[in-house]
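Asks: Before I ask anything, let me first share the structure, which is written out below as structure tokens.
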Amino acid sequence: MGNLQLVLAISLFTPLITGLAVLLFNNRKNMRDICGPIGGIITFGSAIAIAMAIIDGQTISINLWQIVPGIGLSFNVTALGALFGIVASGLWILASIYSVGYMRGSKAKNQTRFNFYYAVAIHAAMAISYSGNLLMLFIFYEVLTFSTYPLVTHGQTKDAKDAGRLYMGILVATSLLLFLPALLWVWIISGTLDFTKGGIIPFDFSPSLLPFLLAMFAFGIGKAALMPIHRWLPAAMVAPTPVSALLHAVAVVKAGVFSFLTIVVYIFGIDFLLESGAAVWLVWLTAFTILTSSIIAITKDDLKARLAYSTISQLSYILLGAALATQAAIEGAALHIIMHATAKITLFFCAGAIYVNAHIKKISELDGLGPKMPLVFIAFFVASLSIIGIPPLGGSWSKFMLMVGSVDAGIPIMLLVLGISSLLNIYYLLEPCTRAFFKPSLKEIHVDNHILTIFPPVITATLSLLLFFAVDWVRFLTTLMVIP
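In this text, residue positions in the sequence shown follow our numbering: the first is 25, and each later residue adds one.
In structure tokens, the structure reads:
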């Protein structure tokens, strides 16, 4: 147990130590920039060890402070937390390498400050992963918000500052006005905030009030970007592409959907939620968000803006799985966290590589660029197929499980929603590739091809392929979430 506590501490605090090392090596660029990859490797190794211990049936926890009965500060690794810890730490390795190539290639200013807050954001994400109760999750949810604000406003332009104000305004307001009161409500009715298999909401809790409590969490966790609490996400695309990757794949929005899925599984309990019918309204709202954001994505010519609305749609796949509350749907939602993360970080890596190497942001300007950046566009194509749900890519498994969960929940019309969404995915995700490879360029484009912006998306695209074949290992963790 002592050794596992040490591993947990290493996983939690290595990103924070990495951030301090970045400040220490401020005047030594190479040393500063290598801190991120090294910290990522150490954190990922410890996250793997933690996941293996959870699979073996071991308990890993650290109790820091018992404030009052039922409320304390503690870390206690759940199966879902172990999965998210692997996602956040593993993608951090490649994101930190990519950041070096992007920030140097674009000659960005204040790179030390950027790397410091990036590491702090990863620390917050790991703490969210391993939180033992709702209070600990809320605290580090807020830490993640405040640590990513300097990243969103990194450019210090008017657009960046406006985006930062919207970012903070929506996320802080929703968490303080909805998330925190919901947390207090749970403590009042249950006497505890600890994450527990099967949930902690008393079975005699008023069925008429349960949808309102669920709604407070659904909208209070603004990072999940459920419509209409979504405007901060497209606005934040003014930030550098490594920040977009952090927002969409590594930490921020994944922390949002992870938090909501954790609350459904370990606070409400899926059996209680399914039997009560309290989440039916959320099923329809997520369906609306999935389709509406996909339609909006089609209209966007800016590549990052299109990917942003794609993310909003894909996040609601995870929220849909949580709302359906069947075992298959919950497993599908958990799988989609990792499947979407690897694919979406690939797409943003590619978008950043296109900008840094060819200075192009708009999809309409990609004509003929494919032969000059073949690896980037092949990676984009592979990741797109995963998000669309085409075998043998990882995303096909999570979509399949969500479809099974829809039928199990007695709402088969969600099959139509998921099918239409996939057709829209095909249109807005494959258009950049078809333009790049099959439309002739009307002007000469100079391409630099910085290697550190090219091989990370190739690796993450390969991961999207490998995850199709490694799904049994991932599913074992997701099964542990719902077995009493």
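Using N, Cα and C, we set each Cβ at its ideal position, and we do this for glycine too.
All values derive from a computational prediction rather than experimental measurement.
#1: Measuring straight from C-alpha to C-alpha, what distance separates Asn54 and Glu389?
#2: Do Val277 and Thr335 come within 8 Å of each other at the CB atom, strictly closer than that value?
#3: By alpha-carbon positions, which one of Ala407, Arg128 and Ile320 ends up nearest to Leu454?
#4: Which residue or residues does DSSP assign as beta-bridge partners of Gln90?
#5: Determine the direct distance from the alpha carbon of Thr310 to that of Phe424, and round the result to whole angstroms.
#6: Where in the stretch 40-85 do unbroken runs of the alpha helix (DSSP H), each at least 4 residues long, occur, reported from the N-terminal end onward?
#7: Based on DSSP bridge pairs, tell me the residues matched to Asp326.
#8: Which residue or residues does DSSP assign as beta-bridge partners of Asp295?
#9: Could you check the C-alpha separation between Ala195 and Pro464 for me, to the nearest Å?
#10: Quick check on the DSSP output: the alpha helix (DSSP H) that includes Phe492 runs from which residue to which?
#11: Taking the Cβ atom as the reference point for each residue, do Lys396 and Val471 lie within a distance shorter than 8 Å?
#12: Out of Ile402, Ala358 and Ala353, state which residue places its alpha-carbon closest to the alpha-carbon of Ala375.
#13: To which residues does DSSP link Asp218 through a beta bridge?
#14: Report all residues from its chain with a CB closer than 6 Å to the CB of Ala73; omit the five preceding and five following residues, and keep chain order.
#15: Is it true that the stretch 414-422 meets the stretch 484-497, where meeting means three or more beta-carbon pairs spaced less than 8 Å apart?
#16: Could you give the first and the last residue of the continuous alpha helix (DSSP H) run that contains Asp183?
#17: Hey, quick one: how far does the alpha helix (DSSP H) through Thr286 stretch, first residue to last?
#18: So, at 7 Å on beta carbons, what are the nonlocal neighbours of Phe49 in its own chain, with the 5 sequence-adjacent residues on each side left out?
#19: Residues in its own chain within less than 8 Å of Pro436 by CB, not counting five upstream and five downstream?
#20: Please name the residue in Ile224, Trp209, Tyr154 and Leu204 whose C-alpha comes closest to that of Leu233.
#21: I'd like to know whether the C-beta atoms of Thr38 and Ile66 end up nearer to each other than 8 Å.
#22: If you compare alpha carbons, which of Val167, Ala249 and Phe404 is closest to Ala332?
#23: In whole angstroms, what is the alpha-carbon distance linking Lys221 and Gly434?
#24: So, at 8 Å on beta carbons, what are the nonlocal neighbours of Ile555 in its own chain, with the 5 sequence-adjacent residues on each side left out?
#25: Can you tell me where the alpha helix (DSSP H) holding Asn449 begins and where it ends?
#26: Can you tell me the Cβ-Cβ gap for Ile152 and Ala321, rounded? I've got them flagged as a contact below 8 Å.
#27: Thinking C-alpha only, which one of Met251, Ala377, Asp218 and Lys328 is nearest Ala260?
#28: Only counting the same chain, and skipping five residues up and downstream in sequence, which positions put a Cβ closer than 6 Å to that of Ala71?
#29: Would you mind sorting Pro93 into buried or exposed? The rule is 16 or more other CB atoms within 10 Å of its CB.
#30: Tell whether a beta-carbon distance below 8 Å holds between Val498 and Leu359.
#31: Have a look at Pro174, Lys368, Ala302 and Val167 and flag the residue whose alpha-carbon is nearest the alpha-carbon of Leu487.
#32: When you compare each of Leu40, Ser317, Ile319 and Thr484 to Phe140 by their alpha carbons, which one comes out closest?
#33: By how many angstroms is the C-alpha of Met160 removed from the C-alpha of Ala148?
#34: Let me confirm a value: Ile245 is counted as buried when at least 16 other C-beta atoms fall within 10 Å, else exposed. Which label applies?
#35: For the alpha helix (DSSP H) containing Ile255, name the first residue and the last one.
#36: Note the first and the last residue of the continuous alpha helix (DSSP H) segment covering Leu417.
Replies: So, from the listed chains and residues:
#1: 34 Å
#2: Closer than 8 Å, so yes.
#3: Ala407
#4: Gly96.
#5: For Phe424 and Thr310, the distance between alpha carbons rounds to 17 Å.
#6: As far as the stretch 40-85 is concerned, its whole alpha helix (DSSP H) runs of at least 4 residues are 53-79.
#7: Asp326 is bridged to Lys386.
#8: According to DSSP, Asp295 bridges with nothing at all.
#9: Inspection of the sequence shows that residue 195 is occupied by Leu rather than by Ala. Cα to Cα, Leu195 sits roughly 43 Å from Pro464.
#10: Phe479 to Phe493
#11: Yes, the Cβ-Cβ distance between Lys396 and Val471 is below 8 Å.
#12: Ile402
#13: Asn157
#14: Val31.
#15: yes
#16: Unbroken alpha helix (DSSP H) run through Asp183: Lys182 to Thr198.
#17: Val276 to Ile287
#18: Met55, Arg56 and Cys59
#19: Ser430
#20: Trp209
#21: yes
#22: When each option's Cα is compared against that of Ala332, the closest is Ala249.
#23: Using only the alpha carbons, I get a separation of about 24 Å.
#24: The requested residue 555 does not occur in the structure, where the chain is confined to residues 25 to 508.
#25: Ile437 to Phe462
#26: With a Cβ gap of about 27 Å, Ile152 and Ala321 do not count as contacting.
#27: Ranked by Cα distance from Ala260, the options Met251, Ala377, Asp218 and Lys328 are led by Lys328.
#28: Around Ala71: Ser35, Gly109, Ile110 and Ser113.
#29: With fewer than 16 other Cβ atoms within 10 Å, it is exposed.
#30: yes
#31: Lys368
#32: For Phe140, the closest of Leu40, Ser317, Ile319 and Thr484 by C-alpha to C-alpha distance is Leu40.
#33: 11 Å
#34: Residue burial annotation: Ile245 is buried, with at least 16 other C-beta atoms found within 10 angstroms of its C-beta.
#35: In the sequence as displayed, the identity of residue 255 is Arg instead of Ile. Note, Arg255: premise wrong, no alpha helix (DSSP H); not H, not E.
#36: Here Leu417 belongs to no alpha helix (DSSP H), and DSSP marks it neither H nor E.
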